[in-house]
Amino acid sequence: MAESSVKPADESLKCKKLEYNIHSYSSYSTTYVPENIKVDKSNDQSSRWSSDSNFPRQYLVLKLDRPAIVKSITFGKFEKMHVCNLKKFKIFGGMDENTTIELLDWGLKNDSNSETFDLKHSLGEGQFPCSYIRIEPIQSWGPSFNFSVWYVELRGDDDRTRVKRAGQWLEQYRDLEITKLCMKYFRQKNQMEIYNALQSATGITLEHPLLTQLFNILVHDGDYEQVEQLMTNAIHNDYLAWYISQQDYRPCWSRVSTPGPRPGMRGGHQMVLDPLTQTVYLLGGWDGTQDLSDLWSYSIRESQWTLICPNVEYVGGPTPRSCHKLCLDPERRQIFVLGRYLDQQLRQPEFLKSDFYQYDIDLNIWTLISWDTSSVGGPRLIFDHQMCLDSKHSKIFVFGGRVLTPSTTSNNSSSGQSEERLISNNSNNNNNNNLPSLSLPSLGGGGLSLSPPLRLPS
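To convert, count from 1 in the sequence shown and add 106; that's our numbering.
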């Protein structure tokens with residue numbers, strides 16, 4: 107048999123090969139009889155079943171020598187790719203030829219490798235047996251060619267005790283589903299007396315109580331507001347968590363209108379969010395004529411701006427600035443400020459100091475941590491850099507940005523040099539460390555985030 111590749115079927119390796127015979131078929135061409143699929147001859151082009159038409163529904167029905175829990179199917183192929191290989195097919199199985207369950211809806215690759223697929227063999231909390239396996243080709247790799255199957259191997263469990271137990275479970279499951287279908291029918295017809303009597307006699311619950319409640323308030327009461335509230339509660343209680351996790355995010359913007367004072371128009375300002383109090387903090391920026399140093403807070407819950415200080419420089423905070431960066435420690439309730447942009451005419455050595463500030467939110471106190479971080483192994487004066495904070499270990503990570511250098515006639519670039527280091531700062535003792543180089547490209551205006559479980563900035 108050619109090398110196996112495909113959908114993983116690890117469980118099938120523990121199962122035995124199941125013997126079968128050809129029970130029935132739709133058609134076959136000349137010598138390409140259905141019995142050929144019982145022998146794996148990948149180098150023999152005639153060793154296959156081939157239908158005499160590509161018009162649905164073509165099929166092969168295999169009957170197991172004895173009932174079994176069929177867990178996997180393997181398709182062998184010709185040693186070369188072939189236009190008659192099955193691009194799409196379905197597999198059905200059951201104890202009766204005419205009462206089957208869909209076990210697989212898949213397709214084969216057009217290559218020479220055999221492929222093994224797991225088959226559905228469980229219903230609810232139990233497994234079910236099969237005596238018949240039906241293979242239905244849907245499409246071949248050559249659109250106008252007939253269907254060909256070269257080799258089929260079934261694997262599973264034919265232990266008599268387990269198969270008998272599975273058969274009993276199948277009967278119980280069918281009885282349960284039939285009863286539920288009857289209950290659903292009587293409820294749809296509003297024959298609630300029969301519905302309630304059937305439920306009382308069998309003790310069977312049609313569905314989750316939440317769905318029953320939804321049916322009553324939507325179908326019987328027509329109370330759409332209650333339906334919306336019910337769905338909101340279901341979301342909050344994680345009943346829809348799996349479904350929501352499968353949906354793509356779609357941003358929805360809405361204008362936030364707030365009463366009272368609020369920040370004026372500006373650019374190059376910085377904002378951070380305190381996730382515990384749902385508060386946004388804004389510091390500085392450029393209003394078109396000058397840098398700003400006002401500090402604002404915005405309460406998301408109350409939709410209200412508050413001016414904390416019109417000029418933090420007057421209370422020991424940083425000078426007016428733009429293109430700086432903020433990061434917030436939600437546990438210690440502290441904000442850190444680093445970097446700023448300077449116009450060309452102000453880039454004199456005495457002004458190119460990289461000051462580093464801390465703001466205590468609860469005490470409303472500013473602290474100058476360092477008047478020049480470059481003098482203690484930290485970054486030079488930079489702008490358009492990125493910062494993130496590891497609150498658990500009191501570390502701030504700084505990466506990228508543009509370094510401001512003294513203005514000269516030969517160097518009048520407004521963008522500055524790139525900062526290529528990734529630097530960490532311990533916010534408890536102000537120790538700076540250059541992290542090992544990982545051949546990171548220098549970036550200005552990039553992004554930086556921290557993965558808390560791994561403690562990796564990215």
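No residue lacks a Cβ here, since even glycine has one placed at the ideal position from N, Cα and C.
Nothing here was measured: the structure is a model prediction, and the numbers come from that model.
So, residue i versus residue j, is the Cβ gap smaller than 8 Å?
i: Pro365; j: Leu413; result: no
i: Leu510; j: Arg453; result: yes
i: Ile241; j: Ile197; result: yes
i: Lys177; j: Gly273; result: no
i: Gly483; j: Gln492; result: no
i: Ala340; j: Leu316; result: yes
i: Asp158; j: Ser133; result: yes
i: Ile128; j: Leu192; result: no
i: Cys236; j: Met201; result: yes
i: Phe503; j: Leu556; result: yes
i: Pro243; j: Phe321; result: no
Look at the alpha carbon of residue i and the alpha carbon of residue j, and state the distance between them as a whole number of angstroms.
i: Arg508; j: Ile488; result: 5 Å
i: Pro114; j: Gln305; result: The predicted position of Pro114 is uncertain, since its pLDDT is 43 and thus under 50; a value taken from the coordinates is nonetheless stated next. Cα to Cα, Pro114 sits roughly 42 Å from Gln305.
i: Ile441; j: Leu312; result: 55 Å
i: Leu166; j: Asp150; result: 21 Å
i: Ser399; j: Leu458; result: 18 Å
i: Leu379; j: Pro416; result: 20 Å
i: Leu401; j: Asp478; result: 22 Å
i: Thr515; j: Gln376; result: Here the model assigns Thr515 a pLDDT of 45, short of 50, so the residue's position is not dependable and the matter cannot be decided.
i: Glu109; j: Phe234; result: In this prediction, Glu109 scores a pLDDT of 42, lower than 50, which makes its location untrustworthy; the coordinate-derived value is nonetheless stated afterwards. So the alpha carbons of these two residues sit roughly 30 Å apart.
i: Asn518; j: Glu437; result: Reliability of the predicted coordinates at Asn518 is poor, the pLDDT of 49 falling under 50, and the value obtained from them is presented with this limitation in mind. Each residue's alpha carbon lies about 43 Å from the other.
i: Leu432; j: Trp359; result: 24 Å
i: Leu276; j: Asn204; result: 16 Å
i: Val145; j: Glu259; result: 9 Å
i: Ser220; j: Phe181; result: 6 Å
i: Phe253; j: Asp224; result: 22 Å
i: Ser135; j: Ser153; result: 12 Å
i: Phe161; j: Leu229; result: 32 Å
i: Trp481; j: Thr395; result: Checking the displayed sequence, the identity of residue 481 turns out to be Ser instead of Trp. In a straight line, the C-alpha of Ser481 is about 32 Å away from that of Thr395.
i: Val255; j: Gln245; result: 12 Å
i: Asp217; j: Ser148; result: 12 Å
Taking DSSP as the reference, what is the three-state secondary structure of residue i?
i: Gln384; result: coil
i: Thr180; result: strand
i: His342; result: helix
i: Pro249; result: coil
i: Phe457; result: coil
i: Asn518; result: For Asn518, the pLDDT reaches just 49, beneath the cut-off of 50, and the residue's location in the model is therefore unreliable, although a value from the coordinates is still provided. If DSSP states are grouped into helix, strand and coil, Asn518 belongs with coil.
i: Tyr355; result: coil
i: Ser135; result: strand
i: Tyr447; result: coil
i: Leu282; result: helix
i: Gly273; result: helix
i: Cys67; result: Nothing about residue 67 can be reported from this structure: the residues present for the chain run from 107 to 564 only.
i: Asn127; result: strand
i: Lys169; result: strand
i: Gln410; result: strand
i: Trp477; result: coil
i: Ile350; result: helix
i: Lys144; result: helix
i: Ser306; result: helix
Mind checking residue i: buried by the 16 CB within 10 Å criterion, or exposed?
i: Thr267; result: exposed
i: Trp155; result: buried
i: Tyr238; result: buried
i: Arg356; result: exposed
i: Thr222; result: buried
i: Phe184; result: buried
i: Glu208; result: exposed
i: Leu469; result: exposed
i: Gln164; result: buried
i: His314; result: exposed
i: Asp354; result: exposed
i: Lys295; result: exposed
Once you ignore the five residues that flank residue i on each side, which residues in its own chain have a CB closer than 7 Å to its CB?
i: Asp393; result: Gly370, Met371 and Arg372
i: Ser409; result: Val362 and Thr364
i: Tyr301; result: Met289, Phe292 and Arg293
i: Leu382; result: Pro436
i: Val418; result: Ser399, Leu401, Pro424 and Trp472
i: Gly391; result: Arg372, Gly373, Gly374, His375, Leu398 and Ser428
Considering only residues of the same chain and omitting the five flanking positions on each side of residue i, which have a CB-CB separation below 8 Å?
i: Ile248; result: The sequence given here places Gly at residue 248; Ile does not occur at that position. Excluding positions up to five away in sequence, the list reads Val189 and Cys190.
i: Cys121; result: Lys177, Ser178, Arg261, Gly262 and Asp263
i: Gly422; result: Ile471, Trp472, Thr473 and Leu474
Short of 6 Å in beta carbon distance, which residues of its chain neighbour residue i, apart from the five on each side in sequence? Order them along the chain.
i: Arg407; result: Gln384
i: Asp435; result: Leu495 and Ser497
i: Ile310; result: Thr285
i: Glu125; result: Asp171
i: Ser513; result: Gln450 and Arg453
i: Asp461; result: Trp477
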